[in-house]
Each structure stands twice: as structure tokens, then as C-alpha cells.
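> Residue numbers (full-length UniProt numbering): 1 to 318.
My questions will all concern the structure given below.
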Amino acid sequence: MEEPQQNSPKPFPILVVDDNLLQRTVLEAGLKAAGHEVVVAENGKQGLDIFRKGYYPIVMTDWVMPEMNGLELCRAIRADDSGRYTYIILLTSQDSKNDIIAGLEAGADEYLIKPAHQAELVSRLKTAKRVLELESSQQRYIEEIKNLSLIDPVTGIFNRRYMEDHIPQEIKRAYRYERALSLILVSINQFRDVIGAYGHYSGDVVLKSCADCLAESIRKDVDWLARYGEDSFVVVLAETDMAGAMIVAKRLRLRIASQIIKMYDKEVRISASFGVSGFTASQQKTGMTADVLIDNADRCLTTAQEEGGETIKGVRIG
């Protein structure tokens, strides 16, 4: 079941967990009458299985049930690490203060005394929806802040922090499927000369132009790039062996060299040097790390820069 958009007018789906057929049927009818999609479970264990297979932002559960009671279900849902908040309403005939406290401490947000009055039920669901919408807004805000912290403000591409977090993930994925993985370090050759001639702002113009050029030259949603240093980038190529990576590097070299960058009333051309490294993952030969992959590419880049021009140097690891 797909998670609905929080700004959608469609009511939230509700998971109802109750071992009493009559009460479950009555509650289901009341919820459907209020326009909600309803999924039912006959006990806590079945309810938890259903919860883990779908998206149910609202769970209404009985307290006393066989196999897993309502408090145990509340704790299990709160232990879930999906990152999505679930509003839990505990259905109970136990209305003592101690019982209510026990339910809230187990993770319930609200409780209803059975049998629930329809008007009260609808009112509690409106409260649940408001809470869920606030939670969703907060999560979106947090995600936006997180995304901004991973973007280089000059070029608009990923920054070094993103690179350091995600290259290890790419290596794990390569091992899981026993696929190749390569990366290319790209360094702008005339970066300092441009800044010396036109000022520091010109450096930002060159970086942005190169980043756009690289982004347009790699596979979307497969490969990615990040700013690596002051005048350099890293291009990560998933499921690409060294031979393929060298071909990509040659294509990038031509694309960068063909750029005409407008700098005030002048036209500036630049070139780049390239260091390439890669490996083909095997379950029989593990141990590849991000440091090894980057260090090998960095050494190749240094050699390319020493040779001058638009040189490409690469090494296959392992």
C-alpha cells in the first residue's frame, strides 16, 4: 500500500485490531460511514503483521486480546523504525486512571471507552489527523534541512559530506549484486589562472558551468557527482567497469573542453585532468573501501596533472 500524500483530501487508512467480532464489525461500519478506508485484524499478532506490510498512520486497537494484547502491540509499533509516525488509539473498557496511564506509557496517543460513540469517534479521528499532518510537516522540514546540508551551494550538486556517506553504500551494493563500480576524479586545469585574470567570482562561474556539464553527461538516477575539492569533482559510476569508466572520462573531457564560458566580455575555455579507479565486486574477494577507491583515483589524477594537458589516467583495483 502506498503512503498517501499528507495534503491529499483522501482520509487516512485505519487499521482496526479487535478480537471481538461484533465490536470489530460495529467499529468498522462507523469508520467506513465517516469515509475511511479500514483494514481489520483479529488479534495483536495479526495486526502487527498487517501493520508491517503496509502504511497505517492510524491504528485502533483493543486492550485485551489473545496472543498479543493492545499494550504489547503499542510497544511493538513504537519500536518500528520506519520513520513514519503512527497515531494509536487504545480501545478499552478499563477506565481507571492507572489503566489509562499504563496505556499512554505503552505508546498510545489516545484512548476510547468501548463502545465508542460515533460523534466522539469522529472527533478523535480529526484530532489524530491534525497531529499526523503536523508530524508530516515537521518531517518534511527536517528532510529539507538535511538535503540542504548535503548540497554544495556554489554548484548545486552534492558536497563532500554526501560523497563520504554514499560511496560506502555504493560499494556495499556492488558486493551485494557482484557488480562493477568505478569513480572519476575531475580537476579543472586553468582554475587558478581564471581567478587570477577575472577574480574569485569567476571561479564560481567556472565551477557551476563544469558541474552542469558533468551532470548532463552522466546517467540520471544511476550515476551521481559531488564536489570533491576546491577545483575538483568526483563522478561515481554504478555498474561500470574500468573500460566503461575510461570511455565516460573521455566523453567528459571532450564536453568540458567544448564549453564556452562567458566571463564579462570575454569567452573562456577550460580543460580538465582525470583520475579513474574501479573494481568488480566478488563475494570471494571483499575488503574494498571508499578510501582505497578514492586514493587510487587521486594518485592517477596527480599523474595526469603532472603530464599536463587533458590527460586521463586510470587503474583497475584487484
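All C-beta atoms, glycine included, are put in the ideal place defined by N, C-alpha and C.
1. Nearest-angstrom Cα distance between Arg219 and Asn69?
2. Of all the alpha helix (DSSP H) runs that stay within the bounds of the UniProt domain "Response regulatory" (13-129), which reach a length of 4 or more residues?
3. Thinking C-beta only, is Ser209 closer than 8 Å to Gln284?
4. In the DSSP assignment, find the beta strand (DSSP E) that holds Glu267 and state where it starts and stops.
5. In terms of residue numbering, what span does the alpha helix (DSSP H) encompassing Phe158 cover?
6. When the Cα atoms are used, what is the spatial distance from Thr311 to Glu178?
7. Secondary structure at Lys208, three-state DSSP: helix, strand or coil?
8. Determine the contact status of Phe191 and Gly199, defining contact as a CB-CB distance below 8 Å.
9. Which stretch, first to last residue, makes up the alpha helix (DSSP H) that contains Lys262?
10. Helix, strand or coil for Ser182? Go by DSSP, reduced to three states.
11. What residues match up with Leu237 in a beta bridge as DSSP calls it?
12. Taking its Cβ as the centre, do 16 or more other Cβ atoms sit within 10 Å of Ile14, making it buried, or is it exposed?
13. Tell me whether Leu252 sits in a helix, a strand or coil according to DSSP, three-state version.
14. Comparing alpha-carbon positions, which option in Leu183, Ser271, Ile188 and Gly229 lies nearest Val222?
15. Can you check DSSP and say which residues form a bridge with Arg227?
16. Go to Ala281, then tell me how far its beta strand (DSSP E) extends in each direction, as first and last residue.
17. Is the CB-CB distance between Ala226 and Arg253 below 8 Å?
18. Within its chain, find whatever has a CB closer than 7 Å to the CB of Val40; leave out the 5 residues flanking it on each side and keep chain order.
19. Where DSSP assigns a beta bridge to Phe191, which residues make up the other side?
20. Rounded to a whole number of angstroms, what is the C-alpha to C-alpha distance between Lys250 and Arg140?
21. With DSSP collapsed to three states, give me the class of Ile312.
22. Helix, strand or coil: which one does DSSP assign to Ile151?
23. Quick check on DSSP: helix, strand or coil for Ser273?
24. Is the beta carbon of Leu121 sitting closer than 8 Å to the one on Leu132?
25. Start and end of the alpha helix (DSSP H) containing Arg299?
26. Report the rounded CA-to-CA distance for Ala243 versus Glu307, giving the unit in angstroms.
On the basis of the coordinates in this document:
1. Distance between the alpha carbons of Arg219 and Asn69: 50 Å.
2. If one requires a minimum length of 4 residues, the alpha helix (DSSP H) runs lying completely within the UniProt domain "Response regulatory" (13-129) are 21-33, 44-53, 70-78 and 97-105, in chain order.
3. No. Outside cutoff.
4. Segment Lys266 to Val268, the beta strand (DSSP E) holding Glu267.
5. It is not in any alpha helix (DSSP H) - Phe158 carries neither H nor E in the DSSP assignment.
6. Just so you know, the alpha carbons of Thr311 and Glu178 end up roughly 30 Å apart.
7. In this structure, DSSP gives Lys208 a helical state, which the three-state scheme calls helix.
8. Contact annotation: Phe191 and Gly199 have beta-carbon atoms that are not nearer than 8 Å.
9. Annotation for Lys262: no alpha helix (DSSP H) segment contains it, though the beta strand (DSSP E) segment containing it runs Ile261 to Met263.
10. In the structure shown, Ser182 sits in a strand (DSSP, three-state: E or B).
11. Beta-bridge partners assigned by DSSP to Leu237: Ser182.
12. By the neighbour-count definition (other C-beta atoms within 10 Å, threshold 16), Ile14 is a buried residue.
13. DSSP, read as helix, strand or coil, puts Leu252 in helix.
14. Nearest option by C-alpha distance: Leu183.
15. Here Arg227 is bridged, per DSSP, to Phe233.
16. No beta strand (DSSP E) contains Ala281, which DSSP labels as neither H nor E.
17. Arg253 is positioned such that its CB atom lies no closer than 8 Å to that of Ala226.
18. Closer than 7 Å at the Cβ level, and outside the excluded window around Val40, lie Val16, Arg24 and Glu28.
19. Paired residue(s): none; Phe191 is not in a bridge.
20. If I take the Cα positions, the gap works out to 40 Å.
21. Assignment of Ile312 by DSSP, reduced to helix, strand and coil, places it in the strand class.
22. DSSP places Ile151 in strand when its eight states are reduced to three.
23. Three-state result, Ser273: strand.
24. No, they are not a contact pair.
25. Here the alpha helix (DSSP H) through Arg299 covers Ala290 to Glu307.
26. Taking the straight line joining both Cα atoms gives about 21 Å.
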